[in-house]
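2 protein chains.
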Amino acid sequence: MAEIRTGQNEIRNRKRIHHVPLNRDAPIGVFDSGVGGLTVAREIMRQIPNEKIIYFGDTARVPYGNKSQETVTRFSKQIVRFLQTFQVKTIVVACNTASAYAMDALEQDCDIPIIGVVKPGARMAAEVTRNGRLGVIATEATISSRIYTQYIQELNPNVTIYGKACPLFVPLVEEGLLEDPVTDEIARRYLTELIDIDIDTLILGCTHYPLIRSTLSKIMGPNVTLVNPAYETARELRQMLEQMNLLNEDPPKLGSNRYQFYVSDKAEKFMTFANSIIKYGILSARTIHIEKY
Amino acid sequence: MAEIRTGQNEIRNRKRIHHVPLNRDAPIGVFDSGVGGLTVAREIMRQIPNEKIIYFGDTARVPYGNKSQETVTRFSKQIVRFLQTFQVKTIVVACNTASAYAMDALEQDCDIPIIGVVKPGARMAAEVTRNGRLGVIATEATISSRIYTQYIQELNPNVTIYGKACPLFVPLVEEGLLEDPVTDEIARRYLTELIDIDIDTLILGCTHYPLIRSTLSKIMGPNVTLVNPAYETARELRQMLEQMNLLNEDPPKLGSNRYQFYVSDKAEKFMTFANSIIKYGILSARTIHIEKY
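Structure (structure tokens):
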């Protein structure tokens, strides 16, 4: 549970929290390169409905999955600085690429607890596999970081992890081809080698991928468990807030802007997409200049 | 020829040039959101081989085609400021989206002549159509700007222009699926309506598209002329440099770094791609932080 700051990390955090006292009523910051992280925000809304959320999607610089560690880290640091202007009590890195590349740097910079999506997903996958053969599909960046392999093998060195970059899934999802022969064909190409090596568990290692879950499930067949890190991330977030006595026990007051959305570009297009996948009354999104942070 | 500064614009430029004397021996700045503009750079290398080029690809923030005018303009201004640090004698906006969205703003900011790819492509298309029915394929941004329609109808109000956004072409090209059944299928979907309305000329309104020219040509059939604005842009650039007495008549000296490449991310991947499409001995690319400009 390193990511939710037990042991040394937790002590370090509590020290910091002593300097900057956190407030139960404060919002949770959630960010992604674009719309993908909404699948994580949606899960947080379901599992911890009393929490307020400030969501940021970096739509001016999306995607992150084909960019370098240095660039993704620089962008992520700017976003964390932006979210901290809202006195958020914690930040969820709802993007696998940013979780893979930037977590260490963000933790060093930050005096509030931060959760990524990679460790919760890795833990879940390590638990559910029966034959010890796991697949991870993700962006080029996440796969080349080998972060899922590293975390899963820390939990269980006998497990074998096969990573496969699927760079066309994000644009196909963004174009709305969620159930489409082209998406089927591309998915078949990407997944064939994972089927051939008989994995029994597949991690959806990019927050866009749950949106094509039915296609992936059809191709992988009924014997492969698909792991969506969003669910597990929200569960661990809840647990961490409880442990730190930061869970908001009362629902936000009326008119308190429970969910606020910010983007670096194209607020309107973002809202259309967001409203199609989240049913909790999103009202509007605002555009900000993220490179100023 | 408004884009190459005749009339008022040219006078304004000549005045400015009086203040900042331009140098024949100075390089030409060329920029794009990423690798697509290399198809334009390649054409300049072919047609005006004595010129030095400073190329910038904004690989940290690619793509531009699904972003807003405000964002594309802000990014483009930063790039122009970067290119001007090399005392370039002119700048070629080798990106249709930036040409569609940012030309006016860049011209206002800039004291050197600037050429985009849209006007040369529009002029060429207006000349070659026989039945007056033209198609334009491009990014969402370029299509929604209606810039090709506007320029072509200024040249010939009796021509009808049909625009079609093809957002999946850029990721398919970036993934190297240049001749592939998936690219065929996607192209067929995008192009069917243009075939149905009997266009005789199709503008490849995104610098990535010449790389799938054979697919597009196969689907459109032999009676449709494909217009690649890169060729015409290089031709107009040469003409403008001649008119302004800025054409470099001598080949660059040995060791004078004829072609220099800069990117905002992933220099190595960029170089691999660049060397696959340009055969003029590219040596290296350097990464810079474009948001500082």
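If you're matching them up, the sequences are chains D and W in order. Here the numbering used here is used: position 152 in the first sequence is 152, and no number is missing along the way. Counting from 1 along the second sequence, just add 1000 to a position and that's the residue number in the numbering used here. Just so it is clear, CB atoms sit at the ideal spot from N, CA and C, and this is done for glycine as well.
Residue i (DSSP reduced to helix, strand or coil)
{"i": "leucine 202 of chain D", "result": "strand"}
{"i": "arginine 130 of chain D", "result": "coil"}
{"i": "tyrosine 231 of chain D", "result": "helix"}
{"i": "asparagine 1013 of chain W", "result": "Caution applies to asparagine 1013 of chain W, whose pLDDT of 45 falls short of 50 and renders its modelled position unreliable; the model cannot decide the point."}
{"i": "arginine 1286 of chain W", "result": "strand"}
{"i": "glutamate 1003 of chain W", "result": "At glutamate 1003 of chain W the pLDDT is 40, less than 50, meaning the model places this residue with poor confidence; the figure from the coordinates comes in the next sentence. Here glutamate 1003 of chain W sits in helix by DSSP."}
{"i": "phenylalanine 261 of chain D", "result": "strand"}
{"i": "tyrosine 162 of chain D", "result": "strand"}
{"i": "tyrosine 293 of chain D", "result": "coil"}
{"i": "phenylalanine 31 of chain D", "result": "strand"}
{"i": "isoleucine 137 of chain D", "result": "strand"}
{"i": "glycine 1176 of chain W", "result": "coil"}
{"i": "glycine 57 of chain D", "result": "strand"}
{"i": "valine 170 of chain D", "result": "helix"}
{"i": "isoleucine 197 of chain D", "result": "coil"}
{"i": "glutamine 1008 of chain W", "result": "Bear in mind that the predicted position of glutamine 1008 of chain W carries a pLDDT of just 41, short of 50, making it too unreliable to give a figure here."}
{"i": "isoleucine 212 of chain D", "result": "helix"}
{"i": "valine 1224 of chain W", "result": "coil"}
{"i": "valine 1092 of chain W", "result": "strand"}
{"i": "histidine 1018 of chain W", "result": "Confidence at histidine 1018 of chain W is low in this model, with a pLDDT of 42, below 50, so its placement is unreliable and the value that follows should be read with caution. Helix at histidine 1018 of chain W."}
{"i": "isoleucine 79 of chain D", "result": "helix"}
{"i": "glycine 116 of chain D", "result": "strand"}
{"i": "aspartate 1104 of chain W", "result": "helix"}
{"i": "aspartate 1025 of chain W", "result": "coil"}
{"i": "leucine 247 of chain D", "result": "coil"}
{"i": "arginine 1146 of chain W", "result": "coil"}
{"i": "threonine 1192 of chain W", "result": "helix"}
Own chain, CB closer than 7 Å to residue i, minus 5 neighbours either side, in chain order
{"i": "arginine 286 of chain D", "result": "Tyr262, Ala267"}
{"i": "leucine 177 of chain D", "result": "Thr183"}
{"i": "alanine 217 of chain D", "result": "With the sequence shown as reference, residue 217 of chain D is identified as serine, and alanine is not the correct amino acid for it. So the list reads Leu226, once near-sequence residues are dropped."}
{"i": "aspartate 25 of chain D", "result": "Asn248"}
{"i": "arginine 1130 of chain W", "result": "Asp1200"}
{"i": "serine 145 of chain D", "result": "Ala100, Tyr101"}
{"i": "aspartate 265 of chain D", "result": "Thr59, Ala60, Thr287"}
{"i": "glycine 132 of chain D", "result": "Asn158, Val159, Thr160"}
Cβ separation of residue i and residue j, assumed to be a contact under 8 Å, to the nearest whole Å
{"i": "leucine 1097 of chain W", "j": "glycine 1135 of chain W", "result": "It should be pointed out that residue 1097 of chain W corresponds to threonine in this sequence rather than to leucine. The pair is not a contact, with the Cβ atoms about 18 Å apart (cut-off 8 Å)."}
{"i": "alanine 141 of chain D", "j": "lysine 67 of chain D", "result": "7 Å"}
{"i": "alanine 234 of chain D", "j": "threonine 207 of chain D", "result": "Actually they do not touch by this definition, with Cβ atoms about 12 Å apart."}
{"i": "proline 1252 of chain W", "j": "asparagine 1228 of chain W", "result": "So it is not a contact: roughly 26 Å between Cβ atoms."}
{"i": "methionine 220 of chain D", "j": "leucine 202 of chain D", "result": "6 Å"}
{"i": "isoleucine 112 of chain D", "j": "valine 88 of chain D", "result": "7 Å"}
{"i": "phenylalanine 31 of chain D", "j": "leucine 106 of chain D", "result": "No, phenylalanine 31 of chain D and leucine 106 of chain D are not in contact; Cβ-Cβ is about 10 Å, not under 8 Å."}
{"i": "isoleucine 290 of chain D", "j": "alanine 60 of chain D", "result": "7 Å"}
{"i": "leucine 1155 of chain W", "j": "arginine 1123 of chain W", "result": "7 Å"}
{"i": "aspartate 1250 of chain W", "j": "asparagine 1050 of chain W", "result": "6 Å"}
{"i": "tyrosine 190 of chain D", "j": "isoleucine 152 of chain D", "result": "Going by Cβ atoms, the distance from tyrosine 190 of chain D to isoleucine 152 of chain D rounds to 20 Å, so no, they are not a contact pair."}
Proximal residues of chain W, C-beta to C-beta of residue i below 8 Å
{"i": "aspartate 109 of chain D", "result": "Ordered by position in chain W, no residue passes the 8 Å Cβ test against aspartate 109 of chain D, which lies about 18 Å from the chain."}
{"i": "serine 144 of chain D", "result": "Those do not exist, as serine 144 of chain D stays about 11 Å from chain W at its closest Cβ, beyond 8 Å."}
{"i": "proline 252 of chain D", "result": "Simply none; closest approach about 31 Å."}
Cross-chain neighbours of residue i in chain W, by beta carbon under 7 Å
{"i": "valine 52 of chain D", "result": "The amino acid occupying residue 52 of chain D in the given sequence is lysine; valine does not appear at that position. Chain W residues near lysine 52 of chain D: none, gap ~28 Å exceeds 7 Å."}
{"i": "arginine 71 of chain D", "result": "In the sequence as presented, arginine is not what sits at residue 71 of chain D; that position holds threonine. In chain order: Ala1060, Asp1265."}
{"i": "glutamate 291 of chain D", "result": "Glu1291"}
Residues that residue i contacts on chain D, provided the C-beta gap is smaller than 9 Å
{"i": "glutamate 1185 of chain W", "result": "Pro181, Val182, Glu185"}
{"i": "proline 1210 of chain W", "result": "Near proline 1210 of chain W there are no residues of chain D at all, since even the closest Cβ is about 20 Å away, more than 9 Å."}
Neighbouring residues, chain D, relative to residue i (Cβ below 8 Å)
{"i": "glutamate 1175 of chain W", "result": "Pro167, Leu168"}
Any chain C beta carbon closer than 8 Å to residue i
{"i": "serine 1076 of chain W", "result": "Reference to chain C is not applicable here, since the protein chains of this structure are D and W."}
Contacts around residue i, its chain only, beta-carbon distance under 6 Å, and the 5 residues preceding and following it disregarded
{"i": "alanine 1102 of chain W", "result": "Val1072, Thr1073, Ser1076"}
{"i": "leucine 1241 of chain W", "result": "Leu1247"}
{"i": "proline 1063 of chain W", "result": "Ser1033, Val1170"}
{"i": "alanine 125 of chain D", "result": "Leu134, Thr201, Ile203, Val227"}
{"i": "tyrosine 55 of chain D", "result": "Val30, Ala41, Phe261"}
{"i": "isoleucine 288 of chain D", "result": "Tyr262"}
{"i": "tyrosine 1293 of chain W", "result": "Gln1078, Arg1081, Phe1082"}
{"i": "phenylalanine 273 of chain D", "result": "Val35"}
{"i": "leucine 172 of chain D", "result": "Thr183"}
{"i": "threonine 39 of chain D", "result": "Thr207, Pro210, Ala230"}
Residues that residue i contacts on chain D, provided the C-beta gap is smaller than 7 Å
{"i": "lysine 1067 of chain W", "result": "Ala60, Asp265, Lys266"}
Beta-carbon proximity list for residue i, same chain, < 8 Å, skipping 5 on both sides
{"i": "glutamate 1193 of chain W", "result": "Tyr1162, Lys1164"}
_Is it the case that the stretch 1190 to 1203 of chain W contacts the stretch 1159 to 1171 of chain W, given that we only count it when at least three CB pairs across the two stretches are under 8 Å?_
Cβ pair count under 8 Å is three or more, so yes.
* Okay, do the stretch 1172 to 1189 of chain W and the stretch 1112 to 1119 of chain W touch, 3+ Cβ pairs below 8 Å being the bar? -> Touching, no, given that fewer than three Cβ pairs across the two stretches are closer than 8 Å.
Q.
Three or more C-beta pairs under 8 Å: does that hold for the stretch 1273 to 1284 of chain W against the stretch 1041 to 1060 of chain W?
A. Cβ pair count under 8 Å is three or more, so yes.
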